[in-house]
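These notes are about the structure you will find just below.
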Amino acid sequence: MKKKTPVMLLTAVALVALGFGLAQFTRLPANQPGPEPRPAPAKAEANGKAQARPGTVAAGGADPISPDTVHFVTGAAQLASIRVEEARVATVPLAEPLNARLAYDENLTARLSVPISGRVLAIRRQAGDLVRAGEELLSVDSPELAAALADVRKARSDDQRRRLAYERAQRLSEAGVLARRELENAQAEFETARAETERAERRLRNLAPGGAESPTFSLRSPLSGVIAERRVNPGQEVRPDQAESLFVVSDLAHLWVLIDLPERDLRLVKPGQRALVKVDAWPEERFPATIERIGAVVDPATRRVQVRAVLDNPDRRLRPEMYAQVILAAADAGQAVRLPNNALVTQGLYSYVFIENPPGFFTRRKVKLGVQDRTHAFIVDGVEPGEMVVTTGALLLNSELATLVK
């Protein structure tokens with residue numbers, strides 16, 4: 033019993049100390065602040081995306097920048113979807129592109145048929161071939177040409193016989209053994225034979241301008257160019273009165289552009305004026321042309337005037353009968369920055385573009401539009417020549433900007 037007394041004493045002391053501590057804790061004021069909680073760490077920026085601040089848009093940890101600027105760090109995935117181009121100036125066109133089509137330059141085009149009837153023996157050249165003036169295109173076996181050759185030979189023979197008879201009559205008349213009337217008859221017969229020879233030779237020249245020694249007719253190209261069309265086959269019977277030409281040979285290095293001009297724009301167009309031609313085959317290219325002729329009448333059905341322009345086509349990429357659109361520069365047309373429509377972002381009544389400066393920083397800027405067609409717009413204010421403009425990815429940047437400023 034005596035051994036348990038120290039243990040009980042220690043236990044009692046511990047209980048007293050614990051009670052004293054609880055009493056002191058309950059005396060603390062109710063409004064006394066406790067320890068402040070540690071702030072949660074900020075979320076790290078992922079994938080190089082831009083980060084928003086009040087009134088600014090900046091990369092994570094970057095200094096504040098313009099509220100209309102998006103910044104992507106080097107290597108950000110979004111940069112792969114963005115393309116920039118240098119702003120360039122171009123001549124401001126009329127209000128709208130005009131419908132047109134390309135056509136042969138008829139001053140440099142020959143539509144060839146045969147002047148005689150016959151059967152095609154051989155075709156020497158094919159569509160698409162380059163030919164020189166005088167080259168043979170096809171040969172035709174022609175009974176008509178054979179008859180013309182026979183007429184020439186007969187006429188020449190008769191002419192020679194009548195000439196000899198006339199010369200003999202002259203000698204006899206000079207010798208006094210031939211009456212004057214006989215001399216005059218011989219002279220008349222000779223002149224008739226000579227006229228018949230000239231007629232037969234002229235007909236032969238019409239049938240075969242280069243001359244002919246056989247009944248085979250050769251159709252030759254009158255000019256240098258390209259065989260644009262061929263509508264004949266070997267063995268085919270051909271006639272001079274056929275509706276379609278057998279060959280079309282044209283110098284395709286020069287084409288006509290036939291433009292349908294609305295009558296309201298007639299006062300803006302003059303001969304010698306510059307124009308730009310665009311075709312679907314090369315939508316990003318513009319081919320220069322020059323206005324040559326303006327129609328004298330207005331089509332009563334369409335209220336349009338046909339205007340003809342001439343177009344140089346040295347590489348022969350453009351073809352007759354291609355549909356085209358023509359941009360006519362007014363006589364007093366100025367210069368403006370020309371951008372693809374993909375570079376524009378429209379919000380309400382305003383249009384914007386994104387300018388990259390410096391690299392990786394894309395600033396949205398309001399612009400004033402001039403003429404705009406289906407593919408391009410002319411910027412009359414807001415972009416300077418030489419600035420780097422976003423032409424692909426403008427909508428992505430605008431969406432990113434809208435997300436960051438919320």
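The sequence shown begins at 33 in this note's numbering and counts up by one. Positions of the beta carbon are idealized from the N, C-alpha and C atoms, including for glycine. All values reported here derive from a predicted model rather than from experimental measurement.
- Approximately 6 angstroms separates the beta-carbon atoms of Ile-387 and Val-421; this is inside 8 angstroms, confirming the contact.
- Judged by DSSP secondary structure, Asp-191 falls within the alpha helix (DSSP H) whose first and last residues are 175–207.
- In this structure, Val-146 is the residue among Lys-186, Val-146, Ala-178, Ala-187 with its C-alpha nearest to the C-alpha of Leu-170.
- Relative to Pro-247, the option among Leu-210, Ile-148, Ala-328 whose CA is nearest is Ile-148.
- Secondary structure note for Thr-123: it is in no alpha helix (DSSP H), and the uninterrupted beta strand (DSSP E) holding it is 120–123.
- At a Cβ-Cβ threshold of 8 angstroms, Ala-313 and Val-342 do not count as neighbours.
- With a cutoff of 8 angstroms on beta-carbon distance, Ala-220 and Asp-191 are scored as not near each other.
- Put simply, of Ile-326, Glu-416, Ala-426 the residue whose alpha carbon is nearest the alpha carbon of Asn-374 is Ala-426.
- Counting along the chain, Ser-250 sits inside the beta strand (DSSP E) bounded by residues 248–252.
- Per DSSP, the continuous beta strand (DSSP E) segment holding Gln-404 begins and ends at 393–404.
- Between the stretch 102–111 and the stretch 408–424 there are fewer than three inter-stretch CB-CB distances shorter than 8 angstroms, so the stretches are not counted as touching.
- If you check the CB distance, Arg-340 and Glu-295 do not come in under 8 angstroms.
- Judged by DSSP in its simplified three-state form, Leu-371 adopts strand.
- Secondary structure at Asp-161: coil, using DSSP grouped into helix, strand and coil.
- By the criterion of at least three beta-carbon pairs nearer than 8 angstroms, the stretch 123–133 is in contact with the stretch 401–412.
- Counting only the Cα atoms, Val-289 lies some 21 angstroms from Pro-332.
- With at least 16 other beta carbons inside 10 angstroms of its own, Leu-181 counts as buried.
- Per DSSP, reduced to three states, the secondary structure at Phe-222 is helical.
- Ranking Val-258, Glu-223, Arg-212 by CA distance to the CA of Arg-194 puts Glu-223 first.
- Spanning the alpha carbons of Ala-119 and Tyr-384 requires a straight line of approximately 14 angstroms.
- For the pair of segments examined, the stretch 224–238 was found not to touch the stretch 248–266: the number of CB pairs separated by less than 8 angstroms stays below three.
- Arg-351 places its beta carbon 8 angstroms or farther from that of Leu-111.
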